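*Asks:* Dropping the structure in here first, questions after.
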Amino acid sequence: MTLTTIFCPGFEWLVKVDTATTATSTLLLPLKRTKTTSPYKVEVAGKSLPVLTNLDKGRYGVLIFENLNKYLQMDKWNRELLDKYCREYSVGIVGFAPPGEESLVGAQLKGFPLFIHTNLRLKNTNEPLDDDDVIVFSSIREKPFRSSSSGRRSIKSNGPVRLKVYDERRIRKRKKVVVVMVVIADAQLNAASPILRLTRSGETAWGPLPGGDWTIFQANHSTYEPLAWAHRDSLDYPTNRSPLATVIQDHGRYDGIQRVLFGGGLRFWLHKLLLLDSLSYLSHGQLSLSLNRMILVDVDDIFVGEKSTRLKRDDVMALLATQQRIQALVPGFKFNLGFSGKYFHHGTAEENLGDDMLLENVDRFTWFSHMWNHQQPHLYENVTHLQLDMALNKQFAKDHGIPTVSGYSVSPHHSGVYPVHEGLYEAWKRVWNIKVTSTEEYPHLRPARLRRGFIHRNIMVLPRQTCGLFTHTIFIERYPGGRDKLDESIQGGELFQTIVYNPINIFMTHMSNYGNDRLALYTFESVIKFIQCWTNLRLSSSPPLKLGEHYFQLYPEEADPVWGNPCDDQRHQKIWSRNKTCDQLPRFLVIGPQKTGTTALYTFLSIHPAISSNLPSPDTFEEIQFFNGKNYYKGLDWYMSFFPASKNESSRYLFEKSATYFDGELVPRRAHALLPRAKLITILLSPARRAYSWYQHTRVHGDPVANNYSFHSVITASDTAPKPLRDLRNRCLNPGKYAQHLERWLSFYPPQQLHIIDGEQLRQNPVETLHELQRFLKITPAFNYSSHLRYDPKKGFFCQVTNEDRTKCLGKSKGRQYPPMEDKSYKFLQRYYLSHNTALVKLLKRLGSRTIPQWLKEDLTDTVMT
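Using this note's numbering, you'd call the opening residue of the sequence shown number 447 and step up by one each time.
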């Protein structure tokens, strides 16, 4: 079992689930993106409870048991501890009754005045009766039902059967398995319940409830109040339509703990809304989604389309009429039309009149530029040509009175938006002054709930949603799954839930969806009405620029992009320039830390005929420093420009060395997103000596703080010291917390992709160190370094052997001799790094290291002795 914990400042909720990817934890994703919460983590749950308090405050605000039995069957100690915590900190519990092998009839929940009937079927099937079936009478006063002793849930009957009825006492005496079948349908909500917030009562969800393993509740105490109920199927029970409680609220009057118990899972769409409301209620409003929703409907491909699929005048009239009706429900709503001017008047005579009518009503819509010729921007290698085509569309707009100042554009098939085609962003800025766009591709199309936004070149990129309609879905009879499938999406399904869970929704549709059977008009008017029937959401619409500004006010953390690997997504490869290849990306990274010998390793690796490094940077020399600084915002094209394409890409081992990567907080995530299969090389030295080396390095480079403060003053500076002094202290000390930084890397990369080099061994025996590294990288054929490296007694380290049999050593800045470190500083650093070095030993053993570096043993031994 895993334990999923979703944190928020001073307030959290705990979800006990069987896996980390269950329907419940998936549904809670929108809540973790709200301003009151922060990202959750997954922990492994043992027999003991997690720590419930922090000092005098409770850590969790709501407890969710995806399997209610996990709560009911807790051992006495943990159960009492958990219940005591809930009472003292006013913490509520949400529980889901699980399906089980055994069907229960009128069973009492352990310790509660509450009774349940489980595994209730939703459809009544008349199937043949087996000889060994048992006829039972359930305590909910049903008519009799048949149940199979073989444990099968399918009941057969060829026609009316006279059933013998047993009372419950006689049933308990029988040894046969009892399965109760009840047909329940037509769900309703308790309008008087204080839990309802997002969910609106007053309607009935007609029809059978999904699934065949429902639990219904019967209470024997005033603490319980139904939140939702269903009814017996009217066809089977025309005279008995008393409600059956499928979701029940425990007000806490029995034992001081408030609970909401669900008799069915989240397959039923209404339960998803009730779960959100339950979390809000039980957390006293702390865990709540806003009730405001903003909607924009883009209509791509205006004027584009084959003959006989385009808009006619009556289609445009229907578009305007529907827009007017929606405006009464959604303030500010207008369809947002994306046009490609080249294809104006390319339809039949009747369709060309439809084009004219759109332009006659140009002021009644909002407009954005698609592309003049509907060409995908990533196919343009010349930005000038791209700008010329955009200029043609802009001129078309001016000629026909179409507004050109929206600041919004969408490229055909989302080409060039992500993965980024820099030419598109450049042309957008120059021609249209674009400030906002949208795409369904970041970071990936699926799953849709994980689509996010980012900002690149000062252009806001918003997540774009689909509604189940595409260019080919223009007739209801050809819709995949037919009318029922489309209605399912509208009435509580994917489209409905998209709007419920996302505060800002930009939907992609196409011109053809508004002609023919006009599926888009039906879809959006229907879903908006359904939302108003079943929710208290406040719908509105705004221009794209305002949506973008509001989006990044809600999610400022998404402004920074995370560049993924285009070759890991087939859809991304299709909208990525054919002149780019992932073979240009490095296969391993030398990540540092600084002052451990990374430059020497870089030099030695560059001798290898099969290994190539990046081109030098004019600013940072051999280091690109892409993943840890402002260079990251220059994008993937900028990064790949340091790795020019070669004819023999497959046999070339590209690598990059940036020693600042090691302790960068964002670097592991960014590196893994782009290079998930890359190998990682790190070099470790005594952290005390590394800190001293960094201090001396800054002195040589004229750092005023280092020149004005002694090393001991720097490393012992307090948190109240001047900021420049604290910054130098941190740069000296923080990279040496090796285990802490390695754990961050290992949270993204598996241990098999990490190779740790002993810095002392690299200095004393680089040949063997490099041979071992080659084996780790699986480079064949192996390169013999013994004839290419030689110890230089003047420098005091190994250097490259040239063709003239001379040594070529690193520059004057490498291998400097510094005054020895003061003993008091050394002892301070040994004490400072004691816990970090101890953690490093444990980590190395966990990673399977056979030997502990000598410098690490000495640092720990000397510390113990002092």
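Where a beta carbon is used, it is the ideal one built from N, C-alpha and C, also for glycine.
Computed from a predicted model, the values in this text were never measured in an experiment.
(1) What alpha helix (DSSP H) runs, 4 residues minimum, are completely inside the segment 1200 to 1285?
(2) Does H867 pass the burial test, meaning 16 or more other C-beta atoms within 10 Å, or should it be called exposed?
(3) Within the same chain, show all residues whose beta-carbon is closer than 6 Å to that of L1200, passing over the 5 residues directly before and after it, in chain order.
(4) Just confirm the distance between the C-beta atoms of T645 and D723, as a whole number of angstroms; I'd bet it's less than 8 Å.
(5) In the DSSP assignment, what residue or residues form a beta bridge with Q664?
(6) Using the Cβ count rule (16 or more neighbours within 10 Å means buried), how would you classify V882?
(7) Measure the beta-carbon distance from L1256 to T1284 and round it to whole angstroms, keeping in mind my assumption that it falls under 8 Å.
(8) On a CA-only basis, which of E886, Y854 and H820 is nearest W813? Give me that one, please.
(9) Between Q519, P823 and Y1107, which lies nearest to Y1078 when the distance is taken from Cα to Cα?
(10) Is the beta carbon of L728 less than 8 Å from the beta carbon of V907?
(11) Going by other Cβ atoms of all chains shown within 10 Å of its Cβ, with 16 needed for buried, is D411 buried or exposed?
(12) Considering only their Cβ atoms, is the gap separating T969 from L932 smaller than 8 Å?
(13) For the candidate residues G1182, R1017 and V508, whose alpha-carbon lies nearest to that of S734?
(14) For I921 and G538, I'd like the C-alpha separation in whole angstroms.
(15) Between the C-alpha atoms of N1153 and V1160, what's the straight-line distance to the nearest angstrom?
(16) Would W523 be called buried (16 or more neighbouring beta carbons within 10 Å of its own) or exposed?
(17) Measuring CB to CB, does Y960 end up less than 8 Å from L765?
(18) DSSP three-state label for I977, please.
(19) Under the three-state reduction of DSSP, which class applies to T499: helix, strand or coil?
(20) Per DSSP, what kind of secondary structure is Q943 in: helix, strand or coil?
(21) I'd like to check one pair, R1172 with T1140: are the Cβ atoms closer than 8 Å?
(22) Below 8 Å, can you find three or more Cβ-Cβ pairs linking the segment 1046 to 1057 to the segment 1226 to 1244?
(23) From R1116 to W1009, what distance separates their C-alpha atoms?
(24) Taking only runs that begin and end inside the segment 677 to 761, name each unbroken beta strand (DSSP E) of 3 or more residues, in chain order.
(25) Pick helix, strand or coil for K1291, following the three-state DSSP scheme.
(26) Name the residue from K516, H1147 and T794 whose alpha carbon lies nearest to the alpha carbon of F542.
(27) Out of W1191, L721 and A1163, which has the shortest C-alpha to C-alpha gap to A1119?
(28) Just curious, the beta strand (DSSP E) that T1027 is in, first and last residue?
(29) Starting from L1339, trace the beta strand (DSSP E) both ways and give me its first and last residue.
(30) Comparing C-alpha positions only, which one of L518, K1270, E886 and N807 sits nearest to L707?
(31) Would the segment 823 to 830 count as touching the segment 793 to 809 if we require 3 or more Cβ pairs under 8 Å?
(32) Between which two residues does the beta strand (DSSP E) harbouring L891 extend?
(33) May I have the straight-line CA-CA distance separating R1136 from D1269, to the nearest angstrom?
(34) Does DSSP put L1061 in a helix, a strand or coil?
(35) Starting from the C-beta of S754, find all residues in its chain whose C-beta is less than 7 Å away, skip the five residues before and the five after it, and write them out in chain order.
*Replies:* According to the data block:
(1) 1205 to 1210, 1212 to 1223 and 1269 to 1278
(2) buried
(3) L1126
(4) With a Cβ gap of about 5 Å, T645 and D723 count as contacting.
(5) F561
(6) buried
(7) Contact flag wrong, Cβ pair sits at about 34 Å.
(8) Checking every option, the nearest Cα to that of W813 belongs to Y854.
(9) Y1107
(10) no
(11) No statement about residue 411 is possible, as the shown extent of the chain runs from 447 to 1312 and does not include it.
(12) yes
(13) V508
(14) Here residue 921 is Phe; the residue named in the question, Ile, does not match the sequence. Spanning the two alpha carbons is a distance of roughly 48 Å.
(15) 11 Å
(16) Exposed is the call here.
(17) Cβ distance < 8 Å, so Y960 and L765 count as in contact.
(18) helix
(19) strand
(20) helix
(21) This sequence places Trp at residue 1140; Thr is not what is there. With respect to the 8 Å criterion, W1140 and R1172 are not classified as neighbours on the basis of their beta carbons.
(22) Under the 8 Å Cβ criterion, the segment 1046 to 1057 counts as touching the segment 1226 to 1244, having at least three qualifying pairs.
(23) 7 Å
(24) Whole beta strand (DSSP E) segments, 3+ residues: 689 to 696, 705 to 708 and 738 to 748.
(25) helix
(26) K516
(27) Per the Cα distances, W1191.
(28) Taken as a continuous stretch (DSSP letters only), T1027 belongs to no beta strand (DSSP E), as it is neither H nor E.
(29) Outside the displayed span of the chain (447 to 1312) sits residue 1339, for which this structure offers no information.
(30) L518
(31) They do not touch, by the three-pair rule.
(32) Unbroken run through L891: none, as it is neither H nor E.
(33) 15 Å
(34) coil
(35) T794
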